[in-house]
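Per numbering that gives the first Met the number 0, the sequence shown starts with residue 0, numbered consecutively.
Here a beta-carbon is modelled for each residue, glycine too, at the ideal position from N, C-alpha and C.
Down below is the structure, laid out as structure tokens.
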Amino acid sequence: MKIKFKIRRYNPSEKDGTKPYFQAYTVDVAEGMTVLEALLKIGGEQDPTLSFRKSCRSAICGSCAVSVNGFSRLACETQILPEYKKTGEMTLEPLANHAPVKDLMVDFSPFWNKMAKVQPYLTPKDEDEMPAVTAEDQAVIDRSQKCIMCGSCNAECNALEIDANFIGPAGLAKAWRLAGDVREGKKYRRLEKLSDEHGMWDCVRCVHCTQCCPKDVSPLKAIELLRAAAIKEGITDNHGAKHAVSMANSVKRVGMLDEAAMTFKTLGFLRSLGMIPFGLKMEFHGKMPKPLIFEQIENMDEVRAIYEEIEKGRAGKG
Ligand code: SF4
Ligand code: SF4
Ligand code: FES
């Protein structure tokens with residue numbers, strides 16, 4: 000079957016090369032053919048100037064990630080026909096949230112710099128404190144260990160799109176791999192650093208990282224585990240943790256979110272005053288939530304029972 004590929008081209012060394020453009024190539028696609036095989040065919044038979052990365056061709060090295068019809072995928076494991084049958088198109092672009100270098104190749108230096116920032120190596124506990132690692136301990140960090148550094152999650156990340164300094168899902172998944180390891184000697188220090196601006200609390204939980212990860216790492220799960228561990232360690236003097244704690248307390252108290260009280264508890268009195276213009280605007284548009292001073296939902300006993308169960312479970316785990 001002949002399929003038209005629209006590929007975003009970019010070559011800053013060409014005259015007027017600062018402007019990316021799309022170029023079309025028609026490829027005879029056989030059953031089971033992957034996007035990478037099509038790229039190799041185009042590069043080999045039609046246009047040797049087309050640039051893209053690849054190495055293992057087996058979904059192991061992480062180097063071939065590109066955007067396929069607007070979604071980050073590994074080119075070497077994405078079969079063309081099922082994708083084409085679903086969408087009726089085949090558009091290839093460089094990974095989003097990464098600066099293009101040439102055609103489908105992007106600059107990975109920010110990715111590696113962020114990885115370096117989370118110190119991607121274990122700082123072992125002293126020998127006399129070193130625990131024996133159980134299968135349960137291993138299971139907690141297991142998914143984070145599967146990362147092949149393809150960058151797809153960072154490309155899909157909404158928080159990274161608005162703040163280039165955000166560590167990002169790949170860095171945070173690696174951070175959990177280490178902070179969640181029972182042999183790690185600097186767990187507290189790690190969690191404290193990751194609770195700063197641009198760290199774990201900047202994730203907006205859009206779930207894109209988990210949806211696109213080709214290795215089922217689930218960076219969002221790693222971020223949730225980092226947050227829970229930070230709160231458990233008492234690292235709560237930051238907006239993110241305060242917001243999470245006040246949210247949990249609000250549901251425990253009245254069964255729903257008391258947004259007005261949460262603003263005060265998250266930002267403190269003085270910073271909440273700065274929200275007054277925003278609050279007035281909300282009031283004007285009829286969107287200001289009422290403070291839930293005496294209200295609570297029906298069946299509050301059921302909500303409390305859920306909390307009791309959770310707290311019992313935590314106590315059981317020590
Ligand atoms: S869930 Fe968080 S880390 Fe993952 S893509 Fe969304 S904002 Fe980024
Ligand atoms: S977490 Fe998944 S998507 Fe992100 S870099 Fe690792 S393997 Fe790729
Ligand atoms: S070429 Fe290695 S993951 Fe695709």
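Exercise for the section: Going by DSSP, name the residue or residues bridged to D27. Expected result: K1
Practice task
Tell me whether Q137 sits in a helix, a strand or coil according to DSSP, three-state version.
Solution key: helix
Problem - Inter-stretch contact (C-beta, 8 Å, three-pair minimum) for the segment 209-221 and the segment 140-154 - result: yes
Practice task
Report yes if the C-beta of C205 is less than 8 Å from at least one heavy atom of ligand 2; otherwise report no.
Solution key: no
Problem - Rounded separation between A74 and E30 - CA only - result: 16 Å
Practice task
Measure the alpha-carbon distance for R72 versus K1 and round it to whole angstroms.
Solution key: 22 Å
Exercise for the section: Hey, could you find the ends of the beta strand (DSSP E) T77 is sitting in? Expected result: Careful: T77 lies outside any beta strand (DSSP E) and carries neither H nor E.
Practice task
With distances taken Cα to Cα, identify the nearest neighbour of D344 among E258, L256, H284 and K251.
Solution key: Outside the shown range of the chain (0 to 317) lies residue 344, about which nothing can therefore be said.
Handout entry: Nearest-angstrom beta carbon gap, G167 and C156 [assumed within contact, 8 Å]
Key = 6 Å
Handout entry: Span of the beta strand (DSSP E) around A64
Key = A64 to V67
Practice task
Report the residue from T77, F51 and D125 whose alpha carbon sits nearest the alpha carbon of A58.
Solution key: T77
Handout entry: Within the segment 85-164, ranges of the alpha helix (DSSP H) (whole runs, at least 4 residues)
Key = 108-116, 134-141, 151-155 and 157-161
Exercise for the section: Provide the residue span of the alpha helix (DSSP H) that contains T209, from first to last. Expected result: H207 to C211
Exercise for the section: Consider the C-beta atom of G31 and the heavy atoms of ligand 2; say whether any pair is separated by less than 8 Å. Expected result: no
Handout entry: Any 3 or more C-beta pairs closer than 8 Å across the segment 105-118 and the segment 8-24
Key = no
Exercise for the section: Measure the Cβ-Cβ separation of V117 and T90 and say whether it is below 9 Å. Expected result: no
Handout entry: Residue environment, Y24, which counts as buried when at least 16 other CB atoms sit within 10 Å
Key = buried
Handout entry: Where I6 sits in the DSSP three-state scheme
Key = strand
Problem - Distance, T209 Cα to E82 Cα - result: 20 Å
Problem - contact_flag[the segment 115-132, the segment 178-197] where n(CB pairs < 8 Å) is 3 or more - result: yes
Exercise for the section: Would you kindly report the start and end of the unbroken alpha helix (DSSP H) that includes I230? Expected result: P218 to K231
Practice task
Classify Q45 as helix, strand or coil using the three-state DSSP reduction.
Solution key: helix
Problem - Counterpart residues of Y20 in DSSP-defined beta bridges - result: R8
Exercise for the section: Write down the C-beta distance between I79 and V132 rounded to the nearest angstrom, noting that I regard them as a contact closer than 8 Å. Expected result: That belief does not hold up - the Cβ atoms of I79 and V132 are roughly 43 Å apart, past 8 Å.
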